[in-house]
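Participant: Chain order of the listed sequences is W and L.
The first sequence begins at 26 in the working numbering and counts up one residue at a time.
The second sequence begins at 65 in the working numbering and counts up one residue at a time.
Where is the CB? At the ideal position from N, CA and C, for every residue including glycine.
Before we start, here is the structure in question, set down as structure tokens.
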Amino acid sequence: MNQEPSLRLKVGLAEMLRGGVIMDVVTARQAEIAQAAGAVAVMALERVPSDIRAQGGVARMASIGVIEEIMKAVSIPVMAKVRIGHFVEAQILQELGVDFVDESEVLTPADDKLHINKFEFTVPFVCGARNLGEALRRISEGAAMIRTKGEAGSGNIVEAVRHMRSMQSELRKLSSLGEEELVNQAKELGASYELVRLVAKQGKLPVPNFAAGGVATPADAALMMQLGAESVFVGSGIFKSSDPEKRARAIVQATTHYNDPKSVLECSRELGEAMPGLEMSTLKEHEKLQNRGW
Amino acid sequence: MKIGILALQGDFRSHAERLAKFGADTLLIKKAGELSAVDGLVLPGGESTALLTLLTPELKEGLAEKVRAGLPVFATCAGLILIAQSVRNPEQESLGLLDVEVTRNAYGRQVDSFISEELKVHNRPPLFTEPAHADNQHEKLEGVFIRAPKITHCGAGVNTIVSLKNDPVLVRQDNILAGTFHPELSDRCELVYKIFFGLVEKSVACHKAANLPPI
Numbered sequence: 026m027n028q029e030p031s032l033r034l035k036v037g038l039a040e041m042l043r044g045g046v047i048m049d050v051v052t053a054r055q056a057e058i059a060q061a062a063g064a065v066a067v068m069a070l071e072r073v074p075s076d077i078r079a080q081g082g083v084a085r086m087a088s089i090g091v092i093e094e095i096m097k098a099v100s101i102p103v104m105a106k107v108r109i110g111h112f113v114e115a116q117i118l119q120e121l122g123v124d125f126v127d128e129s130e131v132l133t134p135a136d137d138k139l140h141i142n143k144f145e146f147t148v149p150f151v152c153g154a155r156n157l158g159e160a161l162r163r164i165s166e167g168a169a170m171i172r173t174k175g176e177a178g179s180g181n182i183v184e185a186v187r188h189m190r191s192m193q194s195e196l197r198k199l200s201s202l203g204e205e206e207l208v209n210q211a212k213e214l215g216a217s218y219e220l221v222r223l224v225a226k227q228g229k230l231p232v233p234n235f236a237a238g239g240v241a242t243p244a245d246a247a248l249m250m251q252l253g254a255e256s257v258f259v260g261s262g263i264f265k266s267s268d269p270e271k272r273a274r275a276i277v278q279a280t281t282h283y284n285d286p287k288s289v290l291e292c293s294r295e296l297g298e299a300m301p302g303l304e305m306s307t308l309k310e311h312e313k314l315q316n317r318g319w
Numbered sequence: 065m066k067i068g069i070l071a072l073q074g075d076f077r078s079h080a081e082r083l084a085k086f087g088a089d090t091l092l093i094k095k096a097g098e099l100s101a102v103d104g105l106v107l108p109g110g111e112s113t114a115l116l117t118l119l120t121p122e123l124k125e126g127l128a129e130k131v132r133a134g135l136p137v138f139a140t141c142a143g144l145i146l147i148a149q150s151v152r153n154p155e156q157e158s159l160g161l162l163d164v165e166v167t168r169n170a171y172g173r174q175v176d177s178f179i180s181e182e183l184k185v186h187n188r189p190p191l192f193t194e195p196a197h198a199d200n201q202h203e204k205l206e207g208v209f210i211r212a213p214k215i216t217h218c219g220a221g222v223n224t225i226v227s228l229k230n231d232p233v234l235v236r237q238d239n240i241l242a243g244t245f246h247p248e249l250s251d252r253c254e255l256v257y258k259i260f261f262g263l264v265e266k267s268v269a270c271h272k273a274a275n276l277p278p279i
């Protein structure tokens with residue numbers, strides 16, 4: 026699976042981001058704050074997910090100016106989002122030199138059937154997934170990193186937990202299947218038999234699996250790490266809170282020391298107000314961003 | 065031998081897998097107290113700015129003290145940046161344990177990352193186990209360079225062990241081995257780990273012979 030040189034470099038960068046926090050930022054100043062707090066990468070956006078949700082309309086790739094300013098402001102990798110299936114937005118970002126592209130359900134999908142063929146790109150891609158089948162389909166298309174979708178901009182961790190648990194449980198189940206059952210399982214998952222067989226044998230995805238969608242506190246970050254996430258994306262959770270600088274530092278510390286309650290306690294003190302959260306039952310099915318992607 | 069791997073952030077897992085494959089016991093290290101239990105230490109790649117915020121003063125001091133006392137260290141990419149004498153692009157804090165100047169992201173951004181088979185091995189130190197057949201196949205290394213830094217100046221006590229087009233990419237200064245590429249991400253870098261194991265072996269033997277407690 027990891028034999029192709031280009032894919033090895035893509036997954037290699039994902040490996041470097043392990044155990045770290047990737048933060049959504051909308052200005053160069055926010056990017057500097059994120060870097061100083063210990064972020065391993067920033068996601069350059071025009072609006073954070075909670076604003077996209079509130080304002081509605083079509084959400085597209087951020088403007089070039091915003092991304093460029095952020096690239097100039099920091100020395101850590103810069104990621105940016107493209108609409109699902111919008112390979113031209115991805116071509117533009119690759120040309121611009123962003124370090125990672127997120128083919129994201131947070132933006133309005135451009136293709137209602139197909140995702141981007143990510144093997145055609147030099148730049149690595151991260152894609153969201155709610156379950157193992159979705160993760161394997163994205164990896165089959167060339168994704169170098171998977172993240173749970175969670176429910177972006179909700180400030181509610183419940184969906185990210187659901188997606189991570191579902192992926193881990195399906196991975197365990199897959200490992201217990203006999204050879205003759207794997208063909209049928211591949212059909213059910215909608216992924217290639219070769220990939221399903223490899224994952225069954227190794228008991229884990231061939232690319233890093235990060236958590237995203239609803240992380241708002243250091244405890245949320247530590248929770249996702251203990252559930253098996255290898256890094257954490259924080260979207261609206263930092264810059265929609267009352268003290269972004271402090272909260273950013275705290276989430277970085279909690280992600281590294283996730284297994285040490287004493288450390289997580291220490292960094293959870295006096296953080297001010299977290300972002301306001303959304304109760305899932307108040308969201309209609311069509312308002313859930315996680316349902317985007319095929 | 066027991067090798068500690070700094071596990072604050074970065075690709076510590078790939079290092080742990082390689083080290084285990086080549087026969088070492090490993091210990092993931094996040095706290096200063098854990099440093100006393102190891103014969104050698106790996107400082108993995110990751111993001112150097114993030115690592116700096118995660119290194120507590122105790123961990124920084126503990127690490128520097130051990131390295132100065134002779135603990136063998138193998139630093140890759142961000143790990144090298146962390147222990148360099150000085151850092152450019154941009155300038156940032158470093159521990160100053162290895163007498164080199166290093167420039168971050170010197171080859172460009174991720175789209176400029178590359179894999180090279182043109183690495184040249186120079187005066188390498190003795191290996192932990194010298195291969196039985198000197199067919200030189202094991203001396204052919206593959207270098208995985210990811211948003212890699214460049215060593216732009218070496219002090220007098222620093223020897224180049226591996227170079228790429230005249231740039232040093234693996235250097236040694238006494239008990240420190242440091243590289244700008246990622247041997248943990250390649251199947252053709254066993255030599256690099258064997259060089260490191262050689263340093264660890266020598267250090268353990270010296271301490272035993274002199275009846276000194278381990279570092």
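I'd like to know if Ser100(W) contacts chain L, where contact means its C-beta is closer than 8 Å to some C-beta of that chain.
Facilitator: The count along the first sequence starts at 1 and reaches residue 100(W) at position 75. Yes, its Cβ sits closer than 8 Å to a Cβ of chain L.
Participant: Examine chain L for any beta-carbon lying closer than 8 Å to the beta-carbon of Phe235(W), and answer yes or no.
Facilitator: Here the question's residue 235(W) lines up with position 210 in the first sequence. Chain L contact via Cβ: absent.
Participant: Please report how far the alpha carbon of Met26(W) lies from the alpha carbon of Ile164(W), in whole angstroms.
Facilitator: Here the question's residue 26(W) lines up with position 1 in the first sequence. Here the question's residue 164(W) lines up with position 139 in the first sequence. Unreliable placement is indicated for Met26(W), whose pLDDT of 43 sits below 50; no coordinate value is reported for it.
Participant: Quick one, which of Gly37(W), Val151(W), Glu57(W) and Ala225(W) has its alpha-carbon nearest Phe258(W)'s?
Facilitator: Residue numbering aside, residue 258(W) sits at position 233 when the first sequence is read from its first letter. For Phe258(W), the nearest C-alpha among the options comes from Val151(W).
Participant: How big is the Cα-Cα spacing for Leu161(W) and Phe235(W)?
Facilitator: Numbered from its first residue, the first sequence carries residue 161(W) at position 136. Numbered from its first residue, the first sequence carries residue 235(W) at position 210. Computed Cα separation, rounded: 14 Å.
Participant: Distance check for Phe264(W) and Lys266(L), CA to CA, integer angstroms please.
Facilitator: Your numbering for residue 266(L) matches position 202 in the second sequence. Your numbering for residue 264(W) matches position 239 in the first sequence. Whole-angstrom Cα-Cα distance: 51 Å.
Participant: Comparing C-alpha positions only, which one of Ala274(L), Leu263(L), Asn275(L) and Glu254(L) sits nearest to Met65(L)?
Facilitator: For the purposes of this step, residue 65(L) is taken as the residue at position 1 of the second sequence. Checking every option, the nearest Cα to that of Met65(L) belongs to Leu263(L).
Participant: Counting only runs of 4+ residues fully inside the stretch 75 to 102 of chain W, write out the alpha helix (DSSP H) ranges in chain order.
Facilitator: The alpha helix (DSSP H) runs of length 4 or more contained entirely in the stretch 75 to 102 of chain W are, from start to end of the chain, 89 to 98.
Participant: Out of Pro213(L), Gln237(L), Ala212(L) and Glu203(L), state which residue places its alpha-carbon closest to the alpha-carbon of Gly219(L).
Facilitator: Within the second sequence, the letter at position 155 stands for residue 219(L). For the residues Pro213(L), Gln237(L), Ala212(L) and Glu203(L), the minimum Cα distance to Gly219(L) belongs to Gln237(L).
Participant: What are the residues that DSSP puts in a beta bridge with Leu92(L)?
Facilitator: To locate residue 92(L), count along the second sequence from 1; it is residue 28. Leu92(L) is bridged by DSSP to Ile69(L).
Participant: Go through its chain and collect everything with a Cβ distance to Phe86(L)'s Cβ below 8 Å, but skip five positions before and after it.
Facilitator: To locate residue 86(L), count along the second sequence from 1; it is residue 22. So the list reads Glu254, Tyr257, Lys258 and Phe261, once near-sequence residues are dropped.
Participant: In three-state terms, what does DSSP make of Ala53(W)?
Facilitator: Translated into positions along the first sequence, residue 53(W) becomes position 28. Note: Ala53(W) maps to helix in three-state DSSP.
Participant: Considering just the uninterrupted stretch of the alpha helix (DSSP H) at Ile263(W), what are its terminal residues?
Facilitator: As a first step, residue 263(W) must be located in the first sequence, where it is residue number 238. Counted as a single uninterrupted DSSP element, the alpha helix (DSSP H) harbouring Ile263(W) occupies residues Ser261 to Phe264.
Participant: Nearest to Pro189(L) by alpha carbon, out of Leu234(L), Leu118(L) and Ser177(L)?
Facilitator: As a first step, residue 189(L) is located in the second sequence; it is residue number 125 there, counting from the start. Minimum Cα distance to Pro189(L) is reached at Leu234(L).
Participant: Can you name the residues of chain A whose CB is closer than 8 Å to the CB of Phe112(W)?
Facilitator: Any reference to chain A falls outside this structure, whose protein chains are W and L.
Participant: Quick one: is Pro286(W) near chain L, going by C-beta distance under 8 Å?
Facilitator: What you label residue 286(W) is simply residue 261 of the first sequence in a count that begins at 1. No - not a single Cβ of chain L is within 8 Å of the one on Pro286(W).
Participant: So, using beta-carbon positions, are Glu159(W) and Ile141(W) closer together than 8 Å?
Facilitator: Position 134 of the first sequence, counted from the start, is the residue given in the question as residue 159(W). Position 116 of the first sequence, counted from the start, is the residue given in the question as residue 141(W). In this structure, Ile141(W) does not lie closer than 8 Å to Glu159(W) by Cβ.
Participant: When we look at the beta-carbon of Thr147(W) and count the other beta-carbons within 10 Å, is it buried (16 or more) or exposed?
Facilitator: To locate residue 147(W), count along the first sequence from 1; it is residue 122. Answer is exposed; the Cβ neighbour count stays below 16.
Participant: Can you say whether Cys141(L) is buried or exposed, counting buried as having 16 or more other CB atoms within 10 angstroms of its CB?
Facilitator: On the second sequence, residue 141(L) is found 77 positions in, with the first residue counted as 1. That one is buried.
Participant: Runs of 4 residues minimum, wholly inside the stretch 135 to 192 of chain W: which ones carry the alpha helix (DSSP H) assignment?
Facilitator: 157 to 165
Participant: Do the stretch 144 to 158 of chain L and the stretch 105 to 123 of chain L meet, that is, are 3 or more Cβ pairs less than 8 Å apart?
Facilitator: Yes, they touch.
Participant: Determine the chain L residues that contact Gly81(W) at a beta-carbon separation under 9 Å, and present them in chain order.
Facilitator: As a first step, residue 81(W) must be located in the first sequence, where it is residue number 56. In chain order: nothing, as chain L lies at least about 33 Å away.
Participant: If Lys215(L) and Gly37(W) are in contact, beta carbons under 8 Å, what's the gap, nearest whole angstrom?
Facilitator: The residue labelled residue 215(L) in the question sits at position 151 within the second sequence. The residue labelled residue 37(W) in the question sits at position 12 within the first sequence. Looking at the sequence itself, residue 215(L) is Ile, so the reference to Lys does not match. With 8 Å as the limit, Ile215(L) and Gly37(W) do not qualify as a contact, their Cβ atoms being about 20 Å apart.
Participant: Under 8 Å between beta-carbons, which chain L residues line up against His282(W)? List them in chain order, please.
Facilitator: Mapped onto the first sequence, residue 282(W) falls at position 257. Within chain L, the residues near His282(W) are Lys94.
Participant: From the beta carbon of Arg43(W), is the nearest beta carbon of chain L less than 8 Å away?
Facilitator: Indexing the first sequence from 1 puts residue 43(W) at position 18. It does; some Cβ of chain L falls within 8 Å.
Participant: Which residue wins for smallest C-alpha separation from Ala84(L), given the options Ile69(L), Val208(L) and Glu98(L)?
Facilitator: Position 20 of the second sequence, counted from the start, is the residue given in the question as residue 84(L). It is Ile69(L) whose Cα lies nearest to the Cα of Ala84(L).
Participant: Where Gly153(W) and Asn187(L) are concerned, what is the direct C-alpha to C-alpha distance, given to the nearest angstrom?
Facilitator: As a first step, residue 153(W) must be located in the first sequence, where it is residue number 128. As a first step, residue 187(L) must be located in the second sequence, where it is residue number 123. Distance between the alpha carbons of Gly153(W) and Asn187(L): 47 Å.
Participant: Taking the DSSP output, what are the residues bridged to His217(L)?
Facilitator: For the purposes of this step, residue 217(L) is taken as residue 153 along the second sequence, with counting starting at 1. Answer is Glu165(L).
Participant: Any beta carbon of chain W sitting closer than 8 Å to that of Arg77(L)?
Facilitator: Translated into the one-based positions of the second sequence, residue 77(L) becomes position 13. Closer than 8 Å: yes.
Participant: Kindly identify the DSSP beta-bridge partner or partners of Thr140(L).
Facilitator: Residue numbering aside, residue 140(L) sits at position 76 when the second sequence is read from its first letter. DSSP output for Thr140(L) lists Gly243(L) as bridge partner(s).
Participant: Given that Leu118(L) touches chain W, what residues does it touch there, using C-beta distances under 8 Å?
Facilitator: Working through the second sequence from its first residue, we reach residue 118(L) at position 54. Ordered by position in chain W, the residues that pass the 8 Å Cβ test against Leu118(L) are Gly63, Val277, Gln278 and Thr281.
Participant: In the DSSP assignment, find the beta strand (DSSP E) that holds Phe125(W) and state where it starts and stops.
Facilitator: Position 100 of the first sequence, counted from the first residue, corresponds to residue 125(W). Start and end: Phe125 to Ser129.
Participant: Name the one or two DSSP bridge partners that Ser78(L) has.
Facilitator: Along the second sequence, read from residue 1 onward, the residue named residue 78(L) stands at position 14. Ser78(L) has no beta-bridge partner at all, per DSSP.
Participant: Indicate whether at least one CB of chain W lies closer than 8 Å to the CB of Pro154(L).
Facilitator: Stepping through the second sequence from its first residue, residue 154(L) is reached at position 90. Closer than 8 Å to some Cβ of chain W, the Cβ of Pro154(L) qualifies, so yes.
Participant: When you compare each of Gln251(W), Ser293(W), Lys287(W) and Lys309(W) to Gly44(W) by their alpha carbons, which one comes out closest?
Facilitator: Reading the first sequence from its first residue, position 19 is the one you call residue 44(W). Comparing Cα-Cα distances from Gly44(W) to each of Gln251(W), Ser293(W), Lys287(W) and Lys309(W), the minimum goes to Gln251(W).
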